[in-house]
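Oh and the sequence shown: position 112 is 111 in numbering that gives the first Met the number 0, straight run, nothing missing.
The next block holds one structure in the form of structure tokens; read it before the comments.
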Amino acid sequence: MVPAFILSGIAAGNESQAVKGLGTILDEKIPIQSVALPQNSYVFDDNGRLISEMISSQQNRVYVQYEDIPKVVVDLYVLSEDQRFFEHIGFDAEGMLRAALVNAQNQSVEQGGSTITQQLARNVYLSHEQSYNRKLSELLYSYQLEKNFTKEQILESYLNAIYFSHGTYGIGTASTYFFQKQLQELNLAQLVFISAIPNNPTMYDPVENFQQTKERQERLLDSLHEHGVISTKEAQEAKSFPIVLSIKDKMDTHPDYVTYVHQELKELIAEQEGFAKKKADGEDNEELLSQRVNEIISQGVIVHTALNTDIQNKLQASILKHIPASDVQGAAAVINHQSHTIVALSGGKDYEKFTFNRAYQAYRHPGSTIKPLLDYAPYIDLTGATANSKIDSSEFCTKDYCPKNYNEKNYGTVTLDTAFKYSYNTAAVRMLDTIGIDKGFNYLNKFDFHKITQKDQRLTAAIGGFDHGVSPLELANAYSTFGNNGIYTTNRAITKVTDLQGKTLYQWEEAPVRVWKESTNNEMKKLLASVVKSGTGRSAYVSKEYVGGKTGTSNDYKDLWFAGLTDSHTAAIWIGKDKGGNVSSLHKYGPQNLIFKDIMD
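Set out below in structure tokens:
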């Protein structure tokens, strides 16, 4: 009988100074200002099309406002769950007393007599433990809910909180999950059918126990008719209406790109909210950052991205087409260097979401694709050389380092254009040696190459000899500088993050950096164009206003690269084996060049 006494005390609150004190204590101990329910977040492509749903806390929920909930749904839940909902103050003393008597007779906690408000309190703040301690907490939370919110707000939260099986929470989510329709599109039969589920989501699971769900639907229709909510005809028509389930799979396309979006979202929040600075200062807040990201996602946001689905589909199809060998992999990144955005990514053949993404996580030796960034552009920028200037490409040796050209041939003095388009190693090393390793790396360090370190500052780097190397995305980022007159801007997948109403919450703030002079960039574009017109990258040529690029091969043919650009897009493609095996059998075929051609054509 303890609950009855508590109820009586609280109900007399307006007359009792003592209970006013209790109210103050409750405000301090249970300060309920809002009912926060995890909501789904969404990822959109560059045309505003949904490509992925981000579900936090394992609760698939599409929130529905009260005014968008059909009145018959409200009437149904009030009738079936809490007929005195609009009269009580959060709990129904009569119902609880009746439940307490039943429990006493059975010597167990079998009935709860819970109101809609109590069920909301239990679903959001408490557990489903069958004990009087939990019941008491439920009463206190319910009292606070009723004090702080209107009946309509409580009903709205309740109808969005209840569970409908299959990880689906809320009446709006149930509508889209079971029928692939918005709640307002459902007819009476369908509305009552899904409303039958929450009473016992296992027993009334429509997928596993359709008939039991249908029988409960008909009982609920009878109840609506008995209470004058619907007519006899409406009840009969709803009972006879054929219920056909149309289960909605979670929207989750383009896993290569979406996986990276999750990573970039974390970086964006870290940057905007100070986590990145704290990390730079030596503070490890990774766990706090992850919690914050999950909190943002659970609030319901829209992540707007630059994904171009046409290019993405071309890229994935081309990689499958040109890399038939089962033990060979490929990865690529495609950038729109005019808008500074990442428009497509391939994490590998048959990529699965959240697995190792080679587009930005695989660091491989770049071979000759590093030459434009570390050797040629710095050399031209510092010496004033042009594509027609001469360079010695004969044998080069310093101390114990003697690089060799392809086929171990020496070519004497040639133009920069010739040395570049045929990728003479001796010329490239001689350029870096001439300007100085430190000066060459002063240029390279302006790019976001995360695994190029002080240890890599040696002559072998001139032809791609690094401890770790670069990722396809990093290389594409760097090459986009050629499309922007020598100015480097970090390219992003996320254009902005908004709430569900369209208010911008997060957006990248970029600081463009001039890497080399515009005149240097013009000479570099001539060299890059020469490669695809008459050099090692001829098979990558496409008919565009501009096209240029550079091929690259690491030692022992472990990595095949092509990095290049057109007038609007930049791409970097890598081919190789995950464990670094030899892929010389593919060298003459040049799949990396052909993939570039497919993307840009």
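Even glycine gets a Cβ: it sits at the ideal position worked out from N, Cα and C.
Everything numeric in this text was worked out from a predicted model, so none of it was measured.
State the beta-bridge partners of residue i as determined by DSSP.
{"i": "leucine 344", "result": "Ala332"}
{"i": "methionine 599", "result": "The partner list for methionine 599 (beta bridge, DSSP) is empty, contrary to what the question assumes."}
{"i": "arginine 513", "result": "Ile486"}
{"i": "methionine 53", "result": "Ser40"}
{"i": "threonine 167", "result": "Asn59"}
{"i": "lysine 389", "result": "Thr414"}
{"i": "tyrosine 400", "result": "Thr397"}
{"i": "aspartate 498", "result": "Val300"}
{"i": "lysine 549", "result": "Ala562"}
{"i": "alanine 570", "result": "Val333, Gly563"}
{"i": "threonine 503", "result": "Thr497"}
{"i": "glycine 575", "result": "Gln328, Asp558"}
{"i": "valine 469", "result": "Arg363"}
{"i": "arginine 491", "result": "Thr340"}
{"i": "asparagine 251", "result": "Contrary to the premise, residue 251 reads as aspartate rather than asparagine in this sequence. According to DSSP, which records beta bridges pairwise, aspartate 251 is partnered with Ser51."}
{"i": "tyrosine 142", "result": "BP columns for tyrosine 142 are empty, so no partner."}
{"i": "tyrosine 162", "result": "Tyr168"}
What is the C-beta distance between residue i and residue j, in whole angstroms, given that I count them as a contact (C-beta under 8 angstroms)?
{"i": "histidine 303", "j": "threonine 497", "result": "7 angstroms"}
{"i": "proline 377", "j": "tyrosine 421", "result": "Contact flag wrong, Cβ pair sits at about 20 angstroms."}
{"i": "glutamine 298", "j": "glutamine 506", "result": "Rounded, the Cβ-Cβ distance is 17 angstroms, inconsistent with contact."}
{"i": "glycine 347", "j": "glycine 329", "result": "7 angstroms"}
{"i": "glutamate 266", "j": "arginine 291", "result": "Not confirmed; about 12 angstroms, so no contact."}
{"i": "alanine 475", "j": "alanine 562", "result": "7 angstroms"}
{"i": "glutamine 58", "j": "tyrosine 168", "result": "5 angstroms"}
{"i": "leucine 144", "j": "glycine 89", "result": "6 angstroms"}
Exposed or buried, residue i, counting other C-beta atoms within 10 Å across all chains shown (16 or more means buried)?
{"i": "histidine 657", "result": "This structure leaves residue 657 out entirely; the chain is present only between 0 and 600."}
{"i": "valine 206", "result": "exposed"}
{"i": "valine 1", "result": "The predicted model places valine 1 with a pLDDT of 48, which falls under 50 and marks its position as unreliable; any figure quoted below should be read in that light. The residue is exposed, with fewer than 16 neighbouring Cβ atoms inside 10 Å."}
{"i": "aspartate 349", "result": "exposed"}
{"i": "methionine 599", "result": "buried"}
{"i": "lysine 134", "result": "buried"}
{"i": "proline 323", "result": "exposed"}
{"i": "glutamate 522", "result": "buried"}
{"i": "serine 470", "result": "buried"}
{"i": "alanine 35", "result": "exposed"}
{"i": "lysine 536", "result": "One detail in the question is off: residue 536 reads as glycine in this sequence, not lysine. Its Cβ being crowded by 16 or more others within 10 Å, glycine 536 is buried."}
{"i": "isoleucine 229", "result": "buried"}
{"i": "proline 241", "result": "exposed"}
{"i": "isoleucine 246", "result": "exposed"}
{"i": "alanine 358", "result": "buried"}
{"i": "serine 584", "result": "exposed"}
{"i": "serine 107", "result": "At serine 107, the pLDDT of 46 sits below 50, so the modelled position is not reliable; the number obtained from the coordinates is stated separately. Result: exposed."}
{"i": "glycine 547", "result": "buried"}
{"i": "glycine 485", "result": "buried"}
{"i": "valine 512", "result": "exposed"}
{"i": "phenylalanine 84", "result": "buried"}
{"i": "phenylalanine 353", "result": "exposed"}
{"i": "leucine 287", "result": "exposed"}
{"i": "phenylalanine 355", "result": "exposed"}
{"i": "histidine 321", "result": "buried"}
{"i": "leucine 158", "result": "buried"}
{"i": "lysine 596", "result": "buried"}
{"i": "aspartate 255", "result": "buried"}
{"i": "lysine 454", "result": "exposed"}
Taking the alpha carbon of residue i as the reference point, which residue from the options has its own alpha carbon closest?
{"i": "arginine 60", "options": "Gln181, Ser239, Asp455", "result": "Gln181"}
{"i": "threonine 552", "options": "Leu154, Lys596, Asp45, Asn581", "result": "Asn581"}
{"i": "glycine 579", "options": "Leu526, Arg363, Leu431, Ile88", "result": "Arg363"}
{"i": "serine 222", "options": "Lys495, His339, Val71", "result": "Val71"}
{"i": "alanine 384", "options": "Lys213, Met430, Asn406, Asn483", "result": "Met430"}
{"i": "tyrosine 405", "options": "Leu185, Lys398, Ile462, Thr354", "result": "Ile462"}
{"i": "valine 63", "options": "Cys401, Leu472, Ile170, Ala316", "result": "Ile170"}
{"i": "alanine 120", "options": "Ser33, Asp326, Gly439", "result": "Ser33"}
{"i": "aspartate 251", "options": "Tyr41, Gln591, Thr480", "result": "Tyr41"}
{"i": "isoleucine 295", "options": "Leu319, Ser325, Leu264", "result": "Leu264"}
{"i": "lysine 557", "options": "Val541, Lys543, Ile574", "result": "Ile574"}
{"i": "glutamine 233", "options": "His253, Leu187, Ile493", "result": "A quick correction: the sequence has glutamate, not glutamine, at residue 233. Out of His253, Leu187, Ile493, Leu187 has the C-alpha closest to the C-alpha of glutamate 233."}
{"i": "valine 300", "options": "Leu373, Lys502, Asn554, Pro69", "result": "Lys502"}
{"i": "isoleucine 493", "options": "Phe85, Thr114, Leu244, Thr340", "result": "Thr340"}
{"i": "valine 257", "options": "Arg491, Ile451, Ser56", "result": "Arg491"}
{"i": "asparagine 520", "options": "Ser479, Ile594, Trp560", "result": "Ser479"}
{"i": "histidine 253", "options": "Asn312, Leu244, Gly589", "result": "Asn312"}
{"i": "phenylalanine 235", "options": "Lys150, Glu217, His226, Leu244", "result": "Strictly speaking, residue 235 in this sequence is glutamine, with phenylalanine absent from that position. The residue with the shortest Cα to Cα distance from glutamine 235 is Glu217."}
Less than 7 angstroms separating the Cβ of residue i from some heavy atom of the ligand ZN?
{"i": "valine 34", "result": "The ligand ZN is absent from the structure shown, which contains no ligand whatsoever."}
Using 8 angstroms as the threshold, is the stretch 413-422 in touch with the stretch 377-395, meaning 3 or more CB pairs across them?
-> yes
Answer yes if the stretch 302-320 comes into contact with the stretch 268-288, meaning at least three C-beta pairs across the two stretches below 8 angstroms, and no otherwise.
-> no
Given 8 angstroms as the limit, is there contact between the stretch 47-60 and the stretch 197-204, that is, 3 or more CB pairs closer than that?
-> no
Are at least three pairs of beta-carbons, each pair with one atom in the stretch 149-168 and one in the stretch 62-79, less than 8 angstroms apart?
-> yes
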